[in-house]
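Report on the structure given below.
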Amino acid sequence: MKRGSSWCEPLLELLLSIEKSGEEERNQKQGCKAFIRCLLCGKSHPIILCPDLPAKKDPESQGQEPVSVQSNSCMNDVALMALIVEINKGISKRKVRCLLDSGSQRSYILKSTAEALNFKSIFKASENIAHTLFGGATTDARCPKKCSVKVSPLGKGTLFEFDFLEQEVICGNMSRLPKEQILKE
């Protein structure tokens, strides 16, 4: 814009007069034909400029739980904590793999193992139990039998007595990890 042009001087004077008189804000509000009302507080401003925005939750996010994704897994296999122990019934002993699940609230024994060692059921569990599996699948509720089993570490004489619930299947096939892989990690 050249100074001294025919339309520059009047425009410059108009801008200066608006700035001096403080009519800039009033003219913007009066000249606006759009009627905007905030959905959160009901005042006349856009929702993005609402001072109550951080205090109120987005209605779409209510009822949803945060989702976490584990992307730092170094291998496809999952190593479960397991040990080999002996279960005892009188003079008969049997080596079994004991799967340690820190998230479980109960202890289980395979029904076939309990029958092979002729464990007698103490009683039926007093409650119906249904299992919720990974992915959200739920098993049918049932009232399992409970039996008392004596467990000892391999080669040790110390016996520990636990109550176990009988279960047809506890988990799928568990393959053994190579020792080199365990030592590497």
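The sequence shown runs contiguously to residue 254 in my numbering. Ideal Cβ placement from N, Cα and C applies to all residues, glycine included.
- Take Leu169, set aside five residues on each side of it, and the residues of its chain with a beta-carbon closer than 8 Å to its own are Leu149, Met150, Ala151 and Leu152, in chain order.
- In the DSSP annotation of this structure, the continuous segment of the alpha helix (DSSP H) that includes Ser181 starts and ends at Lys180 to Ala185.
- Sequence-distant partners of Leu179 (beyond 5 residues in either direction) whose C-beta falls short of 7 Å from its own C-beta, in its chain, are Gln236 and Ile239.
- Measuring C-alpha to C-alpha distances from Glu155 to each of Lys189, Val218, Ser181 and Gly204 identifies Val218 as the nearest.
- Within the same chain, and ignoring the five residues on either side of Ser176 in sequence, the residues whose Cβ sits closer than 8 Å to its Cβ are Phe231, Asp232, Phe233 and Leu234.
- Counting along the chain, Ser217 sits inside the beta strand (DSSP E) bounded by residues Lys214 to Pro222.
- For Gln236, DSSP records a beta bridge to Leu179.
- By alpha-carbon distance to Leu202, the top candidate from Pro115, Gly241 and Ile160 is Gly241.
- Bounds of the beta strand (DSSP E) holding Ala151 are Ala151 to Lys158.
- As computed with DSSP, Leu168 is found in a beta bridge with Ala151.
- Residues Ile116, Cys119, Asp121, Leu122 and Lys125 of the same chain have their beta carbon placed closer than 7 Å to that of Leu109, with the five preceding and five following residues left out of the count.
- Using a Cβ distance threshold of 8 Å, Asn197 and Ala210 count as a contacting pair.
- The beta carbon of His200 is closer than 6 Å to those of Thr208 in its chain, skipping five residues each way along the sequence.
- Taking each of Val220, Ile105, Ala206 and Cys107 in turn and checking the Cα distance to Lys164, the smallest one comes out for Val220.
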